[in-house]
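Presented below is the structure to which this report refers.
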Amino acid sequence: MNFQQFLLALRARSGAFVVVLAATVLAAAVVSLLLPKSYKATVSLLVDAKEEQSLSNVLRPLVLPQERLAYMQTQMDIFTSKKVARKVVQDLKLAEDPATQAAFAGETGGGGSIEDRLVESLLNKLKVETSQSSIIQVSFSSVNPAQAARVANGFAKAYIDTMLALRVQPTREAAVWFDEQLKSLRANLEDAQAKLTDYQRRQGIISDDERLDIDNSRVGVLSEQVLRAQEQTFQWNSRERQARELLEREGSLDRLPEVLDNPFIQKLKTDLQQGESKLHELAAQYGVNYPQYER
């Protein structure tokens with residue numbers, strides 16, 4: 001059969017091809033109309049594998065490709081775990097929805113756990129994917145677009161909370177252990193101190209120590225007072241020496257710090273200057289024989 005004969009054969013059966021194609025398109029259209037619409041919500045999360053490096057790997061900060069793949073696979077397993085799905089059911093309170101309860105009662109007759117059934121249903125509609133990057137894409141399908149977005153975001157939040165709990169739990173357990181050890185050591189210390197105090201009391205050591213402490217305290221107070229008196233004596237001797245030196249040089253005592261810092265003396269000096277200024281004004285205006293000037 002040559003090419004021309006092949007074309008003639010196709011033309012002879014073109015009607016059958018058209019009928020089959022039309023039937024296929026019609027069937028696909030009917031199925032798409034009969035089946036309920038499904039909406040898919042996708043959440044992308046960036047996972048940093050370097051955060052999980054231990055202190056022993058500080059000198060090797062780069063994560064090997066096989067380590068990253070293993071870590072990403074672990075994160076995907078956590079995403080699709082029943083623990084995370086159960087947390088989604090509890091956080092979103094899906095088991096309390098009346099429509100969900102009615103559907104569960106109709107399918108199972110009220111037997112079993114509605115929470116377990118919801119966990120299985122969520123995991124069946126959940127899809128977790130990753131690529132060569134550090135991004136995990138979580139998709140959830142539902143006939144209700146709002147519900148699809150709500151559950152997808154719920155899985156992301158439940159995953160983050162679960163990872164945080166996995167990181168914090170060892171620290172909490174270590175803190176509890178250290179607290180218990182501290183309580184035990186504190187109890188042992190208090191017991192040892194009580195035994196020591198009892199022994200000192202029976203041997204008459206405490207009273208002597210107390211008297212010694214009192215004497216030491218008194219000596220300390222007296223020593224502090226002596227030092228303070230010596231310091232004041234040194235200051236007064238220094239001031240007296242400065243005053244004598246000024247007098248010997250026929251200087252004015254007004255330059256002494258005690259005089260300069262004394263507010264009463266400074267006020268008297270100000271009043272004296274004001275009086276002298278007023279006296280000069282009267283002498284210049286009325287003469288030295290003016291009665292006010294003579295006063």
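Take the sequence shown: its letter number 81 is residue 81 in the numbering used here, and every next letter is one higher.
Here a beta-carbon is modelled for each residue, glycine too, at the ideal position from N, C-alpha and C.
Note that this is a predicted model, so its numbers are computed, not measured.
Next on the checklist: Looking at the strands, I want to know which residues DSSP matches up with residue 141.
Outcome noted: For residue 141, which the question treats as bridged, DSSP gives the partners 40.
Using alpha carbons as the reference points, say which of 103, 142, 157 and 109 lies closest to residue 312. As displayed, the chain neither begins before 1 nor continues past 295, which places residue 312 out of reach and without an answer.
Q) Expressed to the nearest angstrom, what Euclidean distance is found between the alpha-carbon atoms of residue 234 and residue 263? A) 24 Å
| message | Contact between the segment 115–124 and the segment 77–90 is defined here as three or more beta-carbon pairs at a separation below 8 Å; is this criterion met? | response | Segments in contact, yes.
Notebook entry, point to check: Which class does residue 47 belong to by DSSP, given the choice of helix, strand or coil?
Noted result: coil
In the structure shown, what three-state DSSP assignment does residue 164 receive? helix
Can you tell me whether residue 199 is buried or exposed, with buried defined as 16 or more other CB within 10 angstroms of its CB?
Residue 199 should be labelled exposed.
Exposure label - residue 109; buried when at least 16 CB within 10 Å: With fewer than 16 neighbouring CB atoms inside 10 Å of its own CB, residue 109 falls in the exposed class.
Spatial distance of residue 95 from residue 113 (CA atoms): 10 Å
(request) Find the nearest neighbour of residue 123 within the set 101, 80 and 150, judged by alpha-carbon distance. (result) 80
Practice item. Just grab the DSSP bridge partners of residue 126 for me. Key: Residue pairing for residue 126: DSSP places it in a beta bridge opposite 140.
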